[in-house]
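Residue numbers (the numbering used here): 37 to 432.
All C-beta atoms, glycine included, are put in the ideal place defined by N, C-alpha and C.
One structure below.
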């Protein structure tokens, strides 16, 4: 495959932004596409897959290149994958012989799978070397694209047919009645089906969370860490757009995005609230039948979607997140009525963020008002979904 110099130069510039200017890969790619609207679908696919591939294997590529210069990292990727880029190699001082020699060498698994030493050590300690290796390999794979049918607008069978009209082919996912998996990655956001609010892009693991709450029309529900509201929208569909959902978040711009999504989905039971301080939750104590706490976490379960996590997360941040999670479950749980249900969820695979946090809460003074019902675990290496945890608790 002959690659154009200008295309490769754009990739190298994007990598510089990510590694030198510490920007997030998804935001860099989004900006690149917005400023180069004439790029075709093939070029966009190459750019995105190349950038994400290099971010995933940054440590390995850096070791092979013996350099962190973006053009050298790209050079390793091109040579490793047998891609023709003579023009690019002529323009930039890439040591092809060194790269080829180093690609033949063996390195420790933390280098070949490209995880920081501290993450590798923590993973081995928690899961054992053999299983941790499988987890690392799964987290380095490109994630599949999953859709959640908006059952307020269409059935899953009808959605399959609507997407086929636009040459997008899907398959059903077992145990998830609204879920479809794309057989081939395509841009679904430009489809008529998306614009008509027939579906949302939502990982399969995430689609297991809302049904845990045993939702019914007419309930009062709070999504206390709503973000852009994927789970709020799912809950609204399960409630048949009847009742009330309060979606909260500290980021106003995310709630703005939720408003747009709700309008497209024809959902009108969601009210958004910006969380500025603890007064907001105190005023709502005992107000809800259901509480969803999809708490801030390390994101260890979604590294395949956000490979930057490997290079941006630190052990100190984990300690801060553990404290924050305990504060949230202690304070926000008070919004639940007696006899109501609460789900505590993360997109992490670490016990300390999941089972251990629930155990801590149930042993705490506030936790005496709660009983454990059940929990679920989803794994990237076993289920081919994002890594997720959710615990269902009932208020006494």
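For residue 82, no pairing in a beta bridge is given by DSSP. At the C-beta level, residue 112 and residue 128 stay beyond 7 Å of one another. Where residue 282 is concerned, the enclosing beta strand (DSSP E) starts and stops at 280-285.
By the CB criterion at 7 Å, residue 366 and residue 425 fall outside the cutoff. If you compare the alpha carbons of 119, 72, 175 with that of residue 336, the shortest gap goes to 175. Your pair residue 205 and residue 190 does not check out as a contact, with CB atoms roughly 17 Å apart and the cut at 8 Å. Straight across, the Cα-Cα distance linking residue 310 with residue 286 is about 6 Å. Nearest C-alpha to residue 215 among 244, 377, 225: 244. When DSSP states are grouped into helix, strand and coil, residue 311 belongs to the coil group.
For residue 96, the enclosing alpha helix (DSSP H) stretches over residues 94-101. A Cβ-Cβ distance of about 10 Å is found for the pair residue 305 and residue 283, leaving them out of contact under the 8 Å criterion.
Cα atoms of residue 389 and residue 213: separation of roughly 29 Å, rounded to the nearest angstrom. Look at the beta carbons and you see the stretch 151-163 not touching the stretch 308-324: under three pairs across the two are nearer than 8 Å.
Between the alpha carbons of residue 427 and residue 145 lies a distance of about 33 Å. By the beta-carbon neighbour count (other beta carbons within 10 angstroms, threshold 16), residue 135 is buried.
Residues 53 of the same chain have their beta carbon placed closer than 8 Å to that of residue 59, with the five preceding and five following residues left out of the count. Assignment of residue 378 by DSSP, reduced to helix, strand and coil, places it in the strand class.
In the three-state reduction of the DSSP assignment, residue 328 falls in the strand class, which pools E and B. Considering only 275, 237, 104, 75, the residue with the shortest C-alpha distance to residue 254 is 275. Under the 8 Å Cβ criterion, the stretch 345-361 does not count as touching the stretch 261-276, having fewer than three qualifying pairs.
Shown here for residue 338: same chain residues with a beta carbon closer than 6 Å to its own, the five before and five after excluded, namely 383, 422 in chain order.
With a 10 Å radius around the Cβ and a threshold of 16 neighbouring Cβ atoms, residue 65 comes out buried. Cα atoms of residue 67 and residue 84: separation of roughly 12 Å, rounded to the nearest angstrom.
Rounded to the nearest whole angstrom, the C-alpha separation of residue 203 and residue 246 is 30 Å.
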